[in-house]
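Numbering (the numbering used here), first residue to last: 421 to 850.
For each residue, glycine too, the CB sits at the ideal point set by N, CA and C.
To start, the structure under review is shown below, and the notes come after it.
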Amino acid sequence: MKSSVWVFIATTIAIEALKTPTHIIKFKESVNGTAAAQSVILNQHRTYVLENHQKVSSKSRKDLSEDEMMIWADSLGKQLSLESITVDKDFLAVAGVFGDANFVKYLHTKHDIEYVEPNQVYQTTVVLPRDEQPKQSLVKSVAANWGLARITHRQRRSYDEYFFDEKAGTDVHVYVLDSGINTHHRDFENRASLLTNFIYDEEEHDLNGHVVKGTHVAGTIAGKTYGIAKNATVHSVKVLDQEGMGNTLTIIKGIKEVMKVAEPGKSLINLSISGSKSRVLNEIIDKAVMEYKIPVFVSAGNNGGMDACFLSPSSNTNVFTVGASDMEDHITSYSNIGNCVQIYAPGHRITSTWIGQDDATKIVDGTSMSNPHVTGIAAALMTNHHFETPGELYEALIRMATKDVLLFSNTKHTTTTNNLLAYHDLGQNV
421 MKSSVWVFIA TTIAIEALKT PTHIIKFKES VNGTAAAQSV ILNQHRTYVL
471 ENHQKVSSKS RKDLSEDEMM IWADSLGKQL SLESITVDKD FLAVAGVFGD
521 ANFVKYLHTK HDIEYVEPNQ VYQTTVVLPR DEQPKQSLVK SVAANWGLAR
571 ITHRQRRSYD EYFFDEKAGT DVHVYVLDSG INTHHRDFEN RASLLTNFIY
621 DEEEHDLNGH VVKGTHVAGT IAGKTYGIAK NATVHSVKVL DQEGMGNTLT
671 IIKGIKEVMK VAEPGKSLIN LSISGSKSRV LNEIIDKAVM EYKIPVFVSA
721 GNNGGMDACF LSPSSNTNVF TVGASDMEDH ITSYSNIGNC VQIYAPGHRI
771 TSTWIGQDDA TKIVDGTSMS NPHVTGIAAA LMTNHHFETP GELYEALIRM
821 ATKDVLLFSN TKHTTTTNNL LAYHDLGQNV
């Protein structure tokens with residue numbers, strides 16, 4: 421074989437190895453084990469390449485013996501950068517770099533494969549007010565932000581004060597799947613830790629990018645000043661980069677990691693992301709909720725009043741989806757709505773913990789800010805009540821909610837579907 425062919429192969433492999441997987445392949449239960457799954461893909465790819473070897477010029481083909489053709493085909497298989505995903509014995513998938521759309525279609529026809537879907541992009545659901553800059557000290561006030569006050573009052577009134585249980589969140593663990601957490605922030609009082617990081621080219625901590633908010637989210641859930649469940653433990657599972665972007669694979673890995681360590685009845689997930697519908701992501705979430713008994717709270721998304729049922733993870737029937745309201749009890753113009761949004765919570769101009777220093781704060785908008793309000797309430801409820809299933813917890817939140825006070829005039833649609841505002845019943849009447 422000519423050296424130029426080997427140089428081409430080596431160079432292409434090096435380039436492809438750096439790429440993010442493009443697709444995720446879910447196998448049927450008939451395929452047993454990760455080695456078998458990868459072998460199926462590699463064998464199918466070799467067959468496909470040899471049957472469609474017109475990709476190599478006719479001149480190059482004349483220079484290759486049959487053995488060299490096999491070596492060439494196998495070298496292309498290495499470019500797929502296959503990675504197995506397993507959960508228990510009944511979920512097996514493989515992610516890889518599949519640049520050939522025809523090969524993806526080819527895989528759809530194989531009997532061992534249940535389905536193939538793109539490794540989709542998911543992003544944070546935060547809106548950064550342009551006129552705000554990070555503050556370098558915590559504001560000492562009766563009510564640190566209006567959201568804390570609103571969720572403890574049935575009627576809209578002055579937001580100068582609010583009520584809280586200082587023991588709320590005791591022995592409860594909240595897993596924040598996001599862009600990381602500034603665990604050194606003093607508001608966490610050493611109750612924040614870094615569990616794992618699936619953004620391999622970034623540090624574990626929340627970084628100073630254009631859109632980061634894992635720290636802000638965690639502060640609303642469990643911060644001493646800005647949080648609701650002020651005694652909860654928060655764990656960072658980094659699945660988004662410093663620009664607030666992730667993909668199906670990183671999120672699946674994050675959920676799987678939580679499933680390994682979470683204690684049923686004392687653990688919950690905050691997932692403030694949104695993107696296109698994903699069958700494989702929905703399957704993993706279903707498993708976490710239904711089999712591992714982990715409640716999952718997700719943001720509705722910031723698509724300007726879009727139906728949240730068209731997106732993932734907000735469309736999943738086993739999650740609790742949260743939209744955003746403002747100080748006047750209007751649904752914000754950016755919040756998604758619809759039947760898949762179970763409840764709304766304060767999400768406009770919310771002050772919470774931030775990155776940079778151990779006392780930094782920032783005012784931020786978005787359904788990413790409303791979701792942790794509800795996660796915090798849920799963590800507080802789990803302190804004093806045992807819920808057999810996540811569904812029981814969801815039902816308690818709905819029963820407690822303040823009904824029919826929200827206005828939908830800022831949205832594209834005037835529907836009042838699920839007109840429920842999150843409420844933290846300190847009397848624990850669940």
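Asn690 lies in the alpha helix (DSSP H); which residues open and close that run?
Looking at the DSSP string, Asn690 is not in any alpha helix (DSSP H); the run it does join, the beta strand (DSSP E), is Ser687 to Leu691.
Inter-stretch contact at 8 Å, needing at least 3 Cβ pairs: the segment 770-779 / the segment 795-806
no
At 3 residues or longer, and completely inside the segment 718-799: list those beta strand (DSSP E) runs for me, N to C.
740-745, 763-766, 770-773 and 781-784
Where are the beta strand (DSSP E) runs, 3 residues long or more, that stay fully inside the segment 591-667, in chain order?
593-598, 612-617, 653-658 and 665-667
Which residues mark the beginning and the end of the alpha helix (DSSP H) in which Tyr526 is found?
Ala521 to His528
Could you tell me the alpha carbon to alpha carbon distance between Ile714 and Ser501, rounded to whole angstroms?
32 Å
When the distance is taken between beta carbons, is Ala569 closer than 8 Å to Glu581?
yes
Less than 8 Å between the C-beta atoms of Asn539 and Ala513, yes or no?
no
Compute the distance between the beta-carbons of Val654 and Phe608, then report whether it is under 8 Å.
yes
Roughly how many whole angstroms lie between the Cα atoms of Glu537 and Leu669?
11 Å
Considering Cα atoms alone, identify which of Gly643, Ala728, Glu663 and His750 is closest to Pro792.
Gly643
Using a Cβ-Cβ cut-off of 7 Å (strictly less than) and excluding sequence neighbours within five positions of Tyr468, which residues of its own chain qualify?
Phe523 and Tyr526
Through-space distance from Val784 to Thr640, alpha-carbon basis:
11 Å
Determine the extent of the beta strand (DSSP E) in which Gly516 is found, giving its start and end residues.
Phe511 to Gly516
Who are the near neighbours of Ile491 in its chain, counting only those whose CB is closer than 6 Å to its CB and skipping five residues on each side?
none
Return yes when the Cβ of Ala821 is within less than 8 Å of the Cβ of Leu840, no when it is not.
yes
Is it buried or exposed for Glu808, if we count other Cβ within 10 angstroms and need 16 for buried?
exposed
The alpha helix (DSSP H) spanning His419 covers which residue range?
Coverage of the chain is limited to positions 421 through 850, which leaves residue 419 absent and any answer about it impossible.
Residue from Cys760, Met802, Glu683 and Ile689 whose Cα sits closest to the Cα of Ile672
Ile689
Go through its chain and collect everything with a Cβ distance to Thr647's Cβ below 7 Å, but skip five positions before and after it.
Rather than Thr, the amino acid found at residue 647 in this sequence is Gly. For Gly647, where only same-chain residues beyond five positions count, the Cβ hits under 7 Å are Gly639, Thr640, Ile641 and Gly796.
From Leu817, Arg769, Lys707 and His528, pick the residue whose C-alpha is nearest to that of Val742; which is it?
Leu817
Would you say Tyr595 and Ser687 are within 8 Å of each other, going by their C-beta atoms?
yes
Close beta carbons around Thr506, own chain, < 7 Å, minus the five adjacent residues each side
Thr454 and Leu512
Would you mind stating whether Ala720 and Ser732 have Cβ atoms separated by less than 8 Å?
no
Glu711 by DSSP, collapsed to three states: which one?
helix
For Gly664, tell me which candidate among Ser450, Asp508 and Ser694 has the shortest Cα-Cα distance.
Ser694
Return the residue from the list His636, Ser599, Thr635 and His604 that minimises the CA-CA distance to Phe618.
Ser599
Helix, strand or coil at Val825 [DSSP, three-state]:
coil
Starting from the Cα of Thr545, find the closest Cα among Glu748, Ser692, Glu623 and His636 and give me that residue.
Ser692
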